[in-house]
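Working notes, structure below.
Protein chains in written order, with this note's numbering: chain A, -19 to 58; chain B, -19 to 58; chain C, 9 to 165; chain D, 9 to 165.
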């Protein structure tokens, strides 16, 4: 299945890119599995937030074909 | 002693005038005594507020020469 | 700290920006404002106009006291109050309260304190003209549960 | 209910009055507004400029969710949020939140709710340029004790 992965703010700087188009094999991939794939096995900084299709979720969330996954640091708006 | 008495809003309507210049004889006159004098003995409506020299007080407050006494209904600003 | 009681209609946002221009720039993280406007109904009556009486001197003094209390209670940078008196039409701004502070929680708390205690203590009285042409004194600010208690304490004679 | 996220600088009071002109007149007893402006210092550093990033689509969606929650919790007439993104200079307005209601207590509660949860949940990120020329990501909104707890809940992977 094909998913889109986005990085924002310091996470974007860290990854050196704003997004990845990722093709996954197999079933029941979680957000944590996606992170392992895009980061070559690095651990995710503890404060990182995750959104799937623009809703907050966590690393255990199962991804579906066409999902948009986003990784970003704590928000600082307002 | 000479005091000035003011009436506002519905109290002004009730009294038919905005103020009285009152001369009092004797000592230790209270606000309640002043009210009896200006109202010809009428009782003061229970919700009436009293100020002496622009500070809230009550009927037991003793008045001094030159004081400005005000009687008015509950406030409704803002 | 600035308190203005005036008969002239005013534009709250012009009053706010004019005052803001006098503040040291770059220090305020934010401002919280309350604007009270005249509604066209009250207590089930349609209201076409209103006259707001006050006690010149005492009114300003008590608004200033309330603003000073807010400045003593919370760390704020400045406050502004503008209050209309005299003839007022529906939708006219009646009162503006603005508080500037480095942190928004203080501005919210202080602004709310000022408008609540202004309404409770500053001597203003509303006389409404209903659409039937009747004039009637507004006897209480229906929104303010604290007023009855405060009045009981101050009840007199 | 209106939510705008924009790069262009804006005048909060023009935005407010423009939106207010679309409301049914005479129904609102008042409005409560919060304006957040860029300070020229943060965490002990002098800040000369800032860039505010966001997540287009998710940002607007979450601000709208917060406004809807406020409308569900309190009896309000309308709300407006305008939020800057992109390059921002000291003293520029960053965010405007306005709530109109018949009774002021609801407007205060709803306005405070919207700015608090907007800051906690809407994806914006500040990158400051200090007067020494260094760029640094702001890591937390120092004012918001609730954020750490909310983040812990959402922590992932």
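Here a beta-carbon is modelled for each residue, glycine too, at the ideal position from N, C-alpha and C.
- Between residue 132 of chain D and residue 55 of chain A, the CB-CB gap stays under 8 Å.
- The C-alpha of residue 88 of chain C lies about 16 Å from the C-alpha of residue 21 of chain D.
- The straight-line gap separating the alpha-carbon atoms of residue -1 of chain A and residue 38 of chain D is approximately 45 Å.
- For residue 44 of chain C, the beta-bridge partners assigned by DSSP are C:103, D:38.
- Within chain C, the C-beta atoms nearer than 7 Å to that of residue 36 of chain D come from 45, in chain order.
- In the three-state scheme derived from DSSP, where H, G and I count as helix and E and B as strand, residue 149 of chain C is classed as coil.
- Residue environment analysis places residue 8 of chain B among the exposed positions, since fewer than 16 neighbouring C-beta atoms fall within 10 angstroms of its C-beta.
- With a contact defined as Cβ atoms closer than 8 Å, residue 13 of chain A and residue 33 of chain A miss out at about 17 Å.
- Annotation: residue -3 of chain A is outside any beta strand (DSSP E) and is labelled neither H nor E by DSSP.
- Each residue's CA atom was taken as its position, placing residue 148 of chain D and residue 117 of chain D some 24 Å apart.
- Here the alpha carbons of residue 67 of chain D and residue 10 of chain C stand approximately 38 Å from one another.
- In this structure the segment 55 to 64 of chain C touches the segment 128 to 144 of chain C; the number of beta carbon pairs closer than 8 Å is three or more.
- By the beta-carbon neighbour count (other beta carbons within 10 angstroms, threshold 16), residue -14 of chain A is buried.
- If you draw a straight line from the Cα of residue 22 of chain B to the Cα of residue -5 of chain B, it comes to about 11 Å.
- Per DSSP, the unbroken beta strand (DSSP E) holding residue 10 of chain D starts and ends at 10 to 14.
- Around the beta carbon of residue 33 of chain D, fewer than 16 other beta carbons sit within 10 angstroms, so the residue counts as exposed.
- A direct Cα-Cα distance of roughly 10 Å separates residue 29 of chain B from residue 35 of chain B.
- Nearest to residue 109 of chain D by alpha-carbon distance, out of D:146, D:16, D:28, D:17, is D:28.
- For the 8 Å CB-CB criterion, residue 43 of chain B and residue 11 of chain B form a contact.
- With 16 or more other CB atoms across the displayed protein chains lying within 10 angstroms of its CB, residue 114 of chain C is buried.
- In the DSSP assignment, residue -14 of chain A falls outside any alpha helix (DSSP H) and lies within the beta strand (DSSP E) extending over -18 to -13.
- Secondary structure note for residue 51 of chain B: its beta strand (DSSP E) is the uninterrupted segment 48 to 52.
- Secondary structure within the segment 85 to 132 of chain C: the beta strand (DSSP E) runs of 3 or more consecutive residues, fully enclosed, are 86 to 92, 94 to 96, 101 to 109 (chain order).
- Residue 129 of chain C sits away from residue 93 of chain C, with the two beta carbons spaced by 8 Å or more.
- Ranking B:-11, B:39, B:57 by CA distance to the CA of residue 143 of chain C puts B:-11 first.
- Here the C-alpha atom of residue 3 of chain A lies approximately 40 Å from the C-alpha atom of residue 121 of chain D.
- Under the criterion of beta carbons closer than 8 Å, residue 12 of chain D and residue 90 of chain D qualify as touching, at roughly 5 Å.
- Collapsing the DSSP output to three states places residue 134 of chain D in a strand.
- The contact set of residue 63 of chain C on chain B, defined by CB atoms closer than 8 Å, consists of -14, -12, 31, 34, 50, 52 in chain order.
- Under the DSSP definition of a beta bridge, residue 62 of chain C partners with C:132.
- When DSSP states are grouped into helix, strand and coil, residue 29 of chain A belongs to the strand group.
- Residue-level contact check: residue 56 of chain A touches chain D, since one or more beta carbons of chain D fall below 8 Å from its beta carbon.
- Between residue 21 of chain D and chain C, the shortest Cβ-Cβ separation is below 8 Å.
- For residue 77 of chain D, the secondary structure class from DSSP, reduced to helix, strand or coil, is helix.
- Looking at the DSSP output, residue 55 of chain C sits in a beta bridge with C:138.
- Per the DSSP secondary-structure output, residue 49 of chain D pairs in a beta bridge with D:54.
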